[in-house]
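Student: Residue numbers (the numbering used here), protein chains in the order written: chain A, 13 to 512; chain B, 10 to 109; chain C, 1407 to 2085.
In this text, a Cβ means the ideal position worked out from N, Cα and C, and glycines have one as well.
These numbers were taken from a predicted model, which means no experiment stands behind them.
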Amino acid sequence: MISNAISLLIAIPLLGAVVSFFAGTKAKFVALIASLIPLALSLQMYLEFDKTSKIMQFVESYNWVPSIGVKYTVGVDGIGFPLVLLSTIVSLLVIIYSWGETKKPNQYFALLLLNEVGVLGVFTSLDFFLFYIFWEIVLIPMFFLIGSWGGPRKDYAAIKFFIYTHVASLVMLLAIFALYFTYQMPDGSRTFDMLTLLAATADKTIFPTNMLNIIFAGLLLGFLVKMPAFPFHTWLPDAHVEAPTAGSVVLAALLLKMGGYGLFRVILPMLPHVDKAFVTIIAIIAVISIVYGAFMALAQKDIKKLVAYSSVSHMGFVTLGAVAFTWMSVTGAMFQQFSHGIITCVLFMSAGTIQHVVGTRVIADLGGLADRMPKFAVIMMAGFMASLGLPGMSGFVAEFMVLTGSFATLPAYTMIVVFLSIVTTAAYHLWAMQKAMFGPILKKYMNVHEPHAYELFSMAMIIVLSLIFGLQPGLITDIMGTAATQVMQPVMTLTQMGVI
Amino acid sequence: MIPLELYILLASTMFTIGLYGLVTQKNGVKLMMCIELLLNSANINLVAFSAYQPNVNGQVFALFSIALAAAEAGVGFAILIALYRLYGTIDLDNIKAMRW
Amino acid sequence: MYADYAYLIVALPVLAFLLCLFLGWHLPRGGGFITVLATFGALIVSLGIFSETYPDKIIHQSMPWFADFNVGILIDPLALVMLLMVTFVVTLIHIYGNGYMNGDPGAARYFAEAALFSASMLGLVYADNLLQLFIFWELVGLCSYLLIGFWYRKPSAAAAAKKAFLTTRVGDVLFLAGIILLYNNLAGLNLALKPGEYLLQFPVIYAHLTQIAPDQLTLIALGLLGGAIGKSGQFPLHVWLPDAMEGPTTVSAMIHAATMVTAGVYLVARMFPLFYAAPYGLTAVAAVGAFTALFAATMGLTSFDIKRVLAFSTVSQLGFMMAGLGVGAAVGTFAVGVSIFHLIGHSFFKALLFLCAGSVIHAVNTNDMREMGGVGKYMKWTMYTMLIGSLSLAGFPLFTGFFSKDEIIVIAYEYGTLINFLPYIFLVLAAILTAIYTFRMWFSVFTGKERSDYAKHESPWVMLGPLVILAVFALGFGIAAQEDFYSYLDSNFEHYDLDFAELGVIGGHVLEGEHGAPAAEGEQGAAAAKGAAGEGEAGGEEGPGEPWYIQILPIIVAIGGILTAALFYWDKVKKFDPSQVTGEKDPIRKMLLKGYYQHEIMTGWFAETVVYGTALICNTIDIKLVDGWLNWLSAWVMGFAQHVRKVQTGIIQNYVTALVLGVVVLVVVITLAMEVGLV
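In C-alpha cells, the structure reads:
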C-alpha cells in the first residue's frame, strides 16, 4: 500500500512542471517521466483499489487554514478514481503525441503537466476550498496553451474560454460560500468539507428547499458550463478550434470531465432534496445537448469543430444518465465520461494530424487522404467508429447503459429524440470520413505522408484502450457500479466512513 | 507683529490665483508657474503657523516642500522641453496622443 | 466434444482477421488462404456439432460479461442450420475470392475484412442473448461498410458504403430501442433469475413473454422488425442494397447470400415467439415482406446492371422470407422452417448467381448487360452453372428454389383462407416477375451477339470450383433435404419453456386449435411441394389440403415467366422488342427506370434537404442566438465602456476643476451636516 498516493500523484507533475520549465529543449523528457510516474502510481492504485467498498479510499487529511475550516483533504471513490486513471493515461499520451513540439517546448510541457495537476486535484479533493482552487488552476495553463500556441483567432478564443468558464466558476463559488456560511458544525465552527456539507443538505431545517434551490442552481451552472451543456456550450468550439492539438485533447478529454464529475459528486446527492422541476430542466438540457450537438456537428465545415460539437453531444449522455437517476444510467453515465475521455483524444489527434500534415482542416478541401496515409486512415476510422458507438468499443457500452437506464425513468418521447440523434451521429462521422479520407487523392496532396510514429502510437494506444474497455467493461464499471449505488443513497461523511 | 490672518489672506489669495491659472491656462509653462503659486501659498501658511507656534516643524516642512517643488519643476520642464521638441508646441490642448 | 470448441467458430475467423490485418501484406495473395482455412475450420466445428446434436439436442454455454449482461453461445436447430450454411457458403466465397482478388493491392485488407465479416455473422447467429446479437449485428454493418467501400478511391464506392451504413443504422436504432424496451419490461417483472440466467437471454425472454403487456410486445416487435427491415433490405430501408454493388463481387455475394441480409430474417425467426405473441407483430412482418417482394421485383425488371438485377432479386426474395415468417400467424412455427429453408436455399443459388456474375464481370470488365451478349460461347461453365442458379431462383420444378419458394406461396394461401389474401396475391405476382427478370438477365448475358468488345476467356478453376459446388447444392438441396429440414426446425422451439397456444391468445391469432404443437406437420410435408398438404391436415378444419390449382399455380407461374422472358430476350425465339412495348415517354416506364425516384426522395430530399437543412438551421441558431447573445452582451459591455471612458478627458484643467468642485461640495455638505447636527 502506497502511503500518500494521491499527494504524490499531484506533487509529481507539479514538480515536473517546474523542472521542465527550466529544462529548455530537454523538457519533453522531463515531462515524459513526470507523467509516467503518476500513471504507474494510478495503475498501482487500481490494483489496490477495493472495488466493492463504499468508503473513500487513499484518504489524506491535514489542517490547512484551521481558523476558517479549510483542510487539505483528498481521497477517491468510484466516482473519482476512474477519472484519475483517465487523467494520468491521457496526460501521458498527449505528451507523447506532442513529442515534436518546437515552439517554446519548455513552457509547453510545463503547462501540460500543470494541467494534469489541476485535473487530478479536482478529481481527488474532498474539501470545497481545495476543490475550487484546483478547479481554477486548470484554467490558467489552458488559457496560455490556447493564447500562445493557438490558431489565428487565439486571443478571442482564449479570452472567451477564460471569462465564460470563470464567470460560471464564480457563481459556483458563491454557492459554495452559501453552503459554508449556512452550515455550522456541532461545535459551532464552520467547514469546507465536501461530504459533510453535502450530507447536511439533506437536512431541511438547515437548508430549506427554497434556499437549497438557489445554491443548487449556482452549482449546477458551474458544472453545466464546464460540461458543456446546450445553451452554455459556445465557448467550446471556439476554444477547440484555436487550441493546439494537445490543448484540445486535454480540454475535451479532461476539462469537460470536471463538469461531469461535479454532477456526480455534488449535484446528484442534492438532487432528491431540491425542487423536482430541476430534474425536468436538466433532462431537457441533456436531450437538447445530445440532439443539437449532433446536428451542429453535421453542419460544420471544419473537422475540429465537428469533433468539438460531437463532444457536446456525447457529454449530453452523461447529463442524461446522471439525471435519469437509475443505477444503470448513472453507471453508464460515469462510464461515458471515461469512454468519451479516451475516444475524443483520438478524434482531436486525428484532426490535429490532418492539420499539420495537410495544412488545412476544412473538410471540403480534403480528399483521398487514405491513399497516402493508410495507417493513419485505419486508426482514424477506428476512432470515428468508436465515437459513433460501434459495439466492441467502449462508447457503445456507455451509451447502451445510459439509454437502457434512462428509459425506465424518463418519458418515452425524449428517448425517441435521443435515438434519432444516434443516426445523425453516425451520419456526421461517416460524412467527414468519406470526404476527408476517401475518394480519389487530390493532386495537391500527392506529397503528404504518414504522420510521425509517436503520433500514430498515441492514437493507436487509445484505440487499444477503447477496445479493452469495450470488450471488458467490467474492468471499470465494477468500480463505477459501486459508486452508482452509493450515489443513490444519502451521503456518508468521512467520519461516518471511519476513514478519519 | 503682523496678525496671522494677513498671512492666511495672502496665502489664500495666492492659492486662488494659482488655482484659477491652473484651470484656465493651456500653456505648459504657465501651468508650471501656477503650480508654483499653489505650492508657495502652502509654504507661506506653513511658515506663518510655525512662527506663531513654539516649534519649527512648519518651517522644516516648508523647506522640504521647496526642495520637492524644485525637483518637480526640473522634471516638469524637462517633459515640456521634450514635448516641444516632439510637437513644436507646449499648448497642452494640442498634445493628445494618449487621449480619446 | 465439438461442443466444447464452439467458440472457435467465431474465434478462428477473428484470428484470421488479425493475421491478415497485420501480416497479410507479407503473405502471398494477401493471406487469403488463412481466411479460407479459418472459415473452413468453423465449418468443420459446425459439422461436428451437428453430428453431435442432431436431431434433438441443443448447446447452451454462457458466462457473465458486465452489469446484467452475459456472453454466451446458444446452438439450437435454427442457429445450427444457419451456422452450417454461413460457414459453407462463406468458405466457398473465400476460395473464389482468392482467385477474384488476385493481384489487387488491397487483397490483405480484403481478406482481413472478409474474415471479420464472417466472424460477425457467425457470432450473430449463435449469440445466446439479444445484446450480443446486436453487437455482432452492428459489426456486420461495420464490415459491410468497410467492404462496400473497399475500393475507397472510387467516390461512388465511398458514398455507397456510407449509405449502406446509415440506412441500416436507422434500422439498428429501432432494434436498439426494441432491446431496451424489452429489457426494461423484463426488468420490471423483478424476476427471480437462477444463477447463469440473464434478462436478455433468449430462453429467459421466451419463458417470460406471457408476462409482458401485449401493447409493449407490439412495440418491441415493431422495433425489432425495424432492425430486420434495415438489415434485410426491406421496404423502405432497402435503398442501400442495390448501391452495395460497389464493392467487389465476392462482397456482394457474401452480403446478399450468406451473411448480412439474412440477419434480419434470422432475427425475426429467432424472436418468432415474440412476434407471434405480439398483436399485429406478424401482420406487420407479412405486410412488409409481401410488399417488398413485389416492389423489388418490378425494379429488378428494369435494371441494366447485372449486379443490380441480382440485388433487387435479393431484396425481393428476402421479402418472400419475411412474408413466409409473417404468415406464421396462420401456420405457427411451421413458418419458421419454411422461411429458413428458403433462406438457406436462396443463399446457395444467390451466392452461385453472384459468383457467376463476378466471373462474367471478371472477363467482360463491365456490369452493363447492354454491353454483354453472347458470353455463353466463351464461358460454358459459367453459363451452365448460372443457368442452374437462375432456374432455381425462378422456381423451376425440382430445383431448390422451387421447393422453398412455393412452400411460402402455399402457406401464404393458407394465411389467405384464414386471414387475408393480399400477401398471397403479392407473392404470386412477385414470383412471375422473378422468373421474368431472372431470365431476362440470363438471356441478355449469355445469348445473342456480342454487343461490345470484351476479353473472351473462361475464369480460372479456383473460381469455377466453388461455382460447381454451389450449383450442385442449388440443384439438389431442395429435393434432398426439405423433409428433414422442416421437422428439424419445427422442433426448434420445443427446447424452450414456451407454449405457442398461450402466446397465440395474447397475439390474438384465432387458430383452430392444433397450431400450438406444429411439430408433426413437417414430417408429413414429405411429398415435394406438398408440404402444405401436411400443414392442412394439422390445421384440422381446413380439409385435406389446398385445391389442385393452388398447388400447381407456382409451376405455371415459373414456366410462364421464363417463357415470357424468352419471347422478349432470347434471340432465337424473340417475338417482341422490350423497348416497343411502352413508349419512351411513358411515365410508368420512366418511374421504373428511375427506381421509383427513391434516390431523389431518400438522398435528395430526405438526407440532403431535411436532415442537412435542419443542421444548417441549427448552425444559424447557434451563431446568431446561442452564441449571439453572448457576443451581444460583450458588445454591450464594450459599448457602455466606450461611453463611460469619455469622462476621462485627459485634459488636466478638467480634472482640476472637478477636484476643486468636489472639495467645495464636500465642504458644503459637511458644514451643512454639522449645522443640522448630524455629525
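Could you tell me the distance, in whole angstroms, from the CA atom of residue 1886 of chain C to the CA atom of residue 1836 of chain C?
Tutor: Stepping through the third sequence from its first residue, residue 1886 of chain C is reached at position 480. Stepping through the third sequence from its first residue, residue 1836 of chain C is reached at position 430. Cα-Cα distance, rounded: 26 Å.
Student: Quick check on residue 1921 of chain C: buried or exposed, where buried means 16 or more other Cβ atoms within 10 Å of its Cβ?
Tutor: The residue labelled residue 1921 of chain C in the question sits at position 515 within the third sequence. Caution applies to residue 1921 of chain C, whose pLDDT of 43 falls short of 50 and renders its modelled position unreliable; the value that the coordinates give is listed next. Counting Cβ neighbours within 10 Å, residue 1921 of chain C comes out buried, since at least 16 surround it.
Student: Rounded to whole angstroms, what is the Cα-Cα separation between residue 1456 of chain C and residue 1814 of chain C?
Tutor: As a working mapping, residue 1456 of chain C is identified with position 50 in the third sequence. As a working mapping, residue 1814 of chain C is identified with position 408 in the third sequence. Roughly 26 Å separates the two Cα atoms.
Student: Grouping DSSP H, G and I as helix and E and B as strand, with all else coil, what is residue 1412 of chain C?
Tutor: As a working mapping, residue 1412 of chain C is identified with position 6 in the third sequence. Reduced to three states, the DSSP call for residue 1412 of chain C is coil.
Student: In terms of residue numbering, what span does the alpha helix (DSSP H) encompassing residue 467 of chain A cover?
Tutor: On the first sequence, residue 467 of chain A is found 455 positions in, with the first residue counted as 1. Residue 467 of chain A -> alpha helix (DSSP H) spans 465-483.
Student: Jot down the residue ranges of each uninterrupted beta strand (DSSP E) in the segment 1435-1508 of chain C, minimum 3 residues, whole runs only, in chain order.
Tutor: Entirely contained in the segment 1435-1508 of chain C, the beta strand (DSSP E) runs reaching 3 residues are, in chain order, 1465-1470 and 1476-1481.
Student: Let me confirm a value: residue 1818 of chain C is counted as buried when at least 16 other C-beta atoms fall within 10 Å, else exposed. Which label applies?
Tutor: Residue numbering aside, residue 1818 of chain C sits at position 412 when the third sequence is read from its first letter. Buried, since its Cβ has 16 or more Cβ neighbours within 10 Å.
Student: Out of C:1699, C:1793, C:1677 and C:1788, state which residue places its alpha-carbon closest to the alpha-carbon of residue 1968 of chain C.
Tutor: Counted from its first residue, the third sequence places residue 1968 of chain C at position 562. Looking at the Cα atoms, C:1793 is the closest of the given residues.
Student: Does the beta carbon of residue 1565 of chain C come closer than 8 Å to any beta carbon on chain A?
Tutor: The residue labelled residue 1565 of chain C in the question sits at position 159 within the third sequence. For residue 1565 of chain C, the answer is yes, since a Cβ of chain A falls inside 8 Å of its Cβ.
Student: In the DSSP assignment, the beta strand (DSSP E) including residue 2060 of chain C goes from what residue to what residue?
Tutor: Residue numbering aside, residue 2060 of chain C sits at position 654 when the third sequence is read from its first letter. Run containing residue 2060 of chain C: none in the beta strand (DSSP E); it sits in the alpha helix (DSSP H), 2058-2082.
Student: From residue 2049 of chain C to residue 2033 of chain C, what does the alpha carbon distance come to, in whole angstroms?
Tutor: If you number the third sequence from 1, residue 2049 of chain C lands on position 643. If you number the third sequence from 1, residue 2033 of chain C lands on position 627. Distance between the alpha carbons of residue 2049 of chain C and residue 2033 of chain C: 25 Å.
Student: Under the assumption that residue 1748 of chain C contacts residue 1730 of chain C (Cβ atoms under 8 Å), give the Cβ distance between them as a whole number of angstroms.
Tutor: Along the third sequence, read from residue 1 onward, the residue named residue 1748 of chain C stands at position 342. Along the third sequence, read from residue 1 onward, the residue named residue 1730 of chain C stands at position 324. About 6 Å; that satisfies the 8 Å criterion.
Student: Is residue 2019 of chain C helix, strand or coil when you go by DSSP?
Tutor: On the third sequence, residue 2019 of chain C is found 613 positions in, with the first residue counted as 1. The answer is helix: DSSP assigns residue 2019 of chain C an H, G or I state.
Student: Buried or exposed: residue 1432 of chain C, going by 16 or more other Cβ atoms within 10 Å of its Cβ?
Tutor: Your numbering for residue 1432 of chain C matches position 26 in the third sequence. Its Cβ having fewer than 16 others within 10 Å, residue 1432 of chain C is exposed.
Student: Run through the DSSP bridge pairs and tell me what residue 314 of chain A is partnered with.
Tutor: On the first sequence, residue 314 of chain A is found 302 positions in, with the first residue counted as 1. BP columns for residue 314 of chain A point to A:374.
Student: CB-CB under 7 Å to residue 1832 of chain C, same chain, minus the five flanking residues each way: which ones, in chain order?
Tutor: In the third sequence, counting from the first residue as 1, residue 1832 of chain C sits at position 426. For residue 1832 of chain C, where only same-chain residues beyond five positions count, the Cβ hits under 7 Å are 1696, 1697, 1699 and 1700.
Student: Need the endpoints of the alpha helix (DSSP H) that residue 1773 of chain C sits in, please.
Tutor: Taking the third sequence and counting its residues from 1, the one referred to as residue 1773 of chain C is at position 367. Neither: residue 1773 of chain C is in no alpha helix (DSSP H) and is coded neither H nor E.
Student: Between the alpha carbons of residue 1932 of chain C and residue 1702 of chain C, how many angstroms are there, rounded?
Tutor: Numbered from 1 along the third sequence, position 526 holds the residue referred to as residue 1932 of chain C. Numbered from 1 along the third sequence, position 296 holds the residue referred to as residue 1702 of chain C. Because the pLDDT of residue 1932 of chain C is 36, which lies under 50, any placement of that residue in the model is unreliable, and the question is left without a value.
Student: Starting from residue 1725 of chain C and walking both ways along the beta strand (DSSP E), at which residues does that stretch end?
Tutor: Translated into positions along the third sequence, residue 1725 of chain C becomes position 319. Unbroken run through residue 1725 of chain C is the alpha helix (DSSP H), 1712-1732; no beta strand (DSSP E).
Student: I need the straight-line Cα distance from residue 2052 of chain C to residue 291 of chain A, nearest angstrom please.
Tutor: To locate residue 2052 of chain C, count along the third sequence from 1; it is residue 646. To locate residue 291 of chain A, count along the first sequence from 1; it is residue 279. One C-alpha to the other measures close to 48 Å.
Student: Once the 5 residues before and after residue 2070 of chain C are set aside, which same chain residues still bring their CB inside 6 Å of it?
Tutor: Here residue 2070 of chain C refers to the residue found at position 664 when the third sequence is read from its first residue. Answer for residue 2070 of chain C: no residue qualifies.
Student: Going by DSSP, name the residue or residues bridged to residue 85 of chain A.
Tutor: Looking up residue 85 of chain A in the first sequence gives position 73. Answer by DSSP bridge pairing, in chain order: A:73.
Student: Counting C-beta neighbours from all protein chains within 10 Å, is the total for residue 279 of chain A 16 or more, i.e. buried, or is it exposed?
Tutor: For this step, residue 279 of chain A is matched to residue 267 along the first sequence. That one is buried.
Student: For residue 1845 of chain C versus residue 1972 of chain C, is the C-beta spacing smaller than 8 Å?
Tutor: One-based indexing of the third sequence puts residue 1845 of chain C at position 439. One-based indexing of the third sequence puts residue 1972 of chain C at position 566. Yes. Within cutoff.
Student: Quick one: give me the first and last residue of the alpha helix (DSSP H) that residue 1559 of chain C is part of.
Tutor: Taking the first residue of the third sequence as position 1, residue 1559 of chain C is located at position 153. Unbroken run through residue 1559 of chain C: none, as it is neither H nor E.
Student: Chain C partners of residue 84 of chain B, CB-CB under 8 Å?
Tutor: Here the question's residue 84 of chain B lines up with position 75 in the second sequence. Those within 8 Å of residue 84 of chain B in chain C number zero; the least Cβ separation is about 15 Å.
Student: For chain B, find out if any of its Cβ atoms is closer than 8 Å to the Cβ of residue 2074 of chain C; answer yes or no.
Tutor: As a first step, residue 2074 of chain C must be located in the third sequence, where it is residue number 668. No, residue 2074 of chain C does not count as interfacial toward chain B.
Student: Using a Cβ-Cβ cut-off of less than 9 Å, list which residues of the segment 2024-2039 of chain C approach chain B; keep chain order.
Tutor: Taking 9 Å as the Cβ-Cβ cut-off against chain B, none of the residues of the segment 2024-2039 of chain C qualify.
Student: Alpha carbon to alpha carbon, how far is residue 1410 of chain C from residue 212 of chain A? Give it in angstroms, no decimals.
Tutor: Counting from one through the first sequence, the residue named residue 212 of chain A turns up at place 200. Counting from one through the third sequence, the residue named residue 1410 of chain C turns up at place 4. Cα-Cα distance, rounded: 57 Å.
Student: Identify every run of the alpha helix (DSSP H) within the segment 1509-1555 of chain C, keeping only runs that are complete inside it and at least 4 residues long; order them along the chain.
Tutor: Runs of the alpha helix (DSSP H) inside the segment 1509-1555 of chain C: 1513-1531 and 1536-1554.
Student: Quick check on the burial criterion: 16 or more other C-beta atoms within 10 angstroms. Buried or exposed for residue 103 of chain B?
Tutor: Here residue 103 of chain B is taken as the residue at index 94 of the second sequence, counted from 1. Label assigned to residue 103 of chain B: exposed.
Student: Where DSSP assigns a beta bridge to residue 205 of chain A, which residues make up the other side?
Tutor: Within the first sequence, numbered from 1, the residue matching residue 205 of chain A stands at position 193. A:139.
Student: Apply the 10 Å Cβ neighbour rule to residue 1953 of chain C and answer buried if 16 or more other Cβ atoms are within range, or exposed otherwise.
Tutor: As a working note, residue 1953 of chain C is residue 547 in the third sequence. Its Cβ having fewer than 16 others within 10 Å, residue 1953 of chain C is exposed.
Student: In three-state terms, what does DSSP make of residue 1927 of chain C?
Tutor: The count along the third sequence starts at 1 and reaches residue 1927 of chain C at position 521. Note that residue 1927 of chain C scores 39 on pLDDT, short of 50, meaning its location in the model is unreliable; the coordinates nonetheless yield the value given after this. In the structure shown, residue 1927 of chain C sits in a helix (DSSP, three-state: H, G or I).
Student: Suppose you measure from the CA of residue 352 of chain A to the CA of residue 1588 of chain C; what does that come to, to the nearest Å?
Tutor: Walking along the first sequence from the start, residue 352 of chain A turns up at place 340. Walking along the third sequence from the start, residue 1588 of chain C turns up at place 182. Rounded to the nearest angstrom, the two C-alpha atoms are 27 Å apart.
Student: Three-state secondary structure (DSSP) at residue 1596 of chain C?
Tutor: Residue numbering aside, residue 1596 of chain C sits at position 190 when the third sequence is read from its first letter. The answer is coil: DSSP assigns residue 1596 of chain C none of H, G, I, E or B.
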